[in-house]
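Undergrad:
Protein chains: 2
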Amino acid sequence: MIDPVNLAAKFAMFHDHWRPRLAAELNDHAVKLVKLKGEFVWHRHEHEDELFLVVKGSLVIRLRDGEIRLGEGELAVIPRGVEHLPVADEEAWVVLIEPGSTLNTGEVRSGRTVEHPERI
Amino acid sequence: MIDPVNLAAKFAMFHDHWRPRLAAELNDHAVKLVKLKGEFVWHRHEHEDELFLVVKGSLVIRLRDGEIRLGEGELAVIPRGVEHLPVADEEAWVVLIEPGSTLNTGEVRSGRTVEHPERI
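Here the protein sequences come in this chain order: V and F. The opening position of the first sequence corresponds to residue 5 in our numbering, with each subsequent residue numbered one higher. The opening position of the second sequence corresponds to residue 5 in our numbering, with each subsequent residue numbered one higher.
(1) From what residue to what residue does the beta strand (DSSP E) around Phe56 of chain V run?
(2) In three-state terms, what does DSSP make of Leu37 of chain V?
(3) Just verifying my parser: in three-state terms, what is the DSSP assignment at Ala96 of chain V?
(4) Looking at His21 of chain F and Lys39 of chain F, is the spacing between their C-beta atoms short of 7 Å?
(5) Against chain V, with Cβ distances strictly below 7 Å, would Pro8 of chain F count as a contact?
(6) Measure from the alpha carbon of Gly61 of chain V to the alpha carbon of each residue in V:Thr106, V:His47 and V:Gly77, then state which is nearest.
(7) What are the start and end residues of the beta strand (DSSP E) that includes Leu67 of chain F?
(8) Beta-carbon within less than 6 Å of Glu122 of chain F's beta-carbon, same chain only, minus the 5 sequence neighbours each way: which residues are those?
(9) Let me know the secondary structure DSSP gives Ala28 of chain V once reduced to three states.
(10) When we look at the beta-carbon of Gly70 of chain V and count the other beta-carbons within 10 Å, is it buried (16 or more) or exposed?
(11) To the nearest angstrom, report how far apart Arg116 of chain F and Ile6 of chain V are at their CA atoms.
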């Protein structure tokens, strides 16, 4: 049984920020949905590249040597090892694709770390 | 240097059907863009799950025991080993995410096989 994922319907199922949900899996990778608002924490993923795709709103990903601005329908891959800080002035809906083992806060453990994203 | 990918701008760069372009890479996976129209060939990927995300139009993925219908903003993962036949009555713009080694025609080699997708 293969269930299609309607992104808008899945995003309508939750309202909190910075807490990724698991929407699909392929190979060793996870497709996570997250709503972002405000500023996250500087972090990096030592061994994993991470894809950000903005489906609503806009997102700035600050880097130590610049920043990336993503609007709706835009994506970027943050390479492993690169420190980054996601910032969204207004709420942004973002699809993350990364290895299933990737922690949202990378090498930084905090109260915002989500060990096992809820499946929706 | 991290280049954001604007999906609409990338899709505007080509017009042929069934010939995936490489838009980004993460880990061992590739993000490919393809325009679909008409019927492809039945095939399967023996060792690779494949994600289809429709960004424009709609797509039917026929399976041996049913079918999946995807509209804009909908995605589905076809598990490894599952035979499938993508069909689009009207042109559909689709993002594929799969291992970089995945061939578009799976185990079936034909004139439609694309060995090395062009980077755009």
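Even for Gly, the Cβ is constructed at its ideal location relative to N, Cα and C.
TA: Reading from the atomic positions:
(1) Per DSSP, Phe56 of chain V belongs to the beta strand (DSSP E) from Glu54 to Lys60.
(2) Here Leu37 of chain V sits in strand by DSSP.
(3) The answer is strand: DSSP assigns Ala96 of chain V an E or B state.
(4) By the CB criterion at 7 Å, Lys39 of chain F and His21 of chain F fall inside the cutoff.
(5) The beta-carbon of Pro8 of chain F is placed less than 7 Å from the nearest beta-carbon of chain V.
(6) Ranking V:Thr106, V:His47 and V:Gly77 by Cα distance to Gly61 of chain V puts V:Gly77 first.
(7) For Leu67 of chain F, the uninterrupted beta strand (DSSP E) segment begins and ends at Leu63 to Leu67.
(8) For Glu122 of chain F, where only same-chain residues beyond five positions count, the Cβ hits under 6 Å are Arg25.
(9) When DSSP states are grouped into helix, strand and coil, Ala28 of chain V belongs to the strand group.
(10) In summary, Gly70 of chain V is exposed, with fewer than 16 beta-carbon neighbours lying within 10 Å of its beta-carbon over all protein chains present.
(11) Arg116 of chain F and Ile6 of chain V: Cα-Cα distance of roughly 26 Å.
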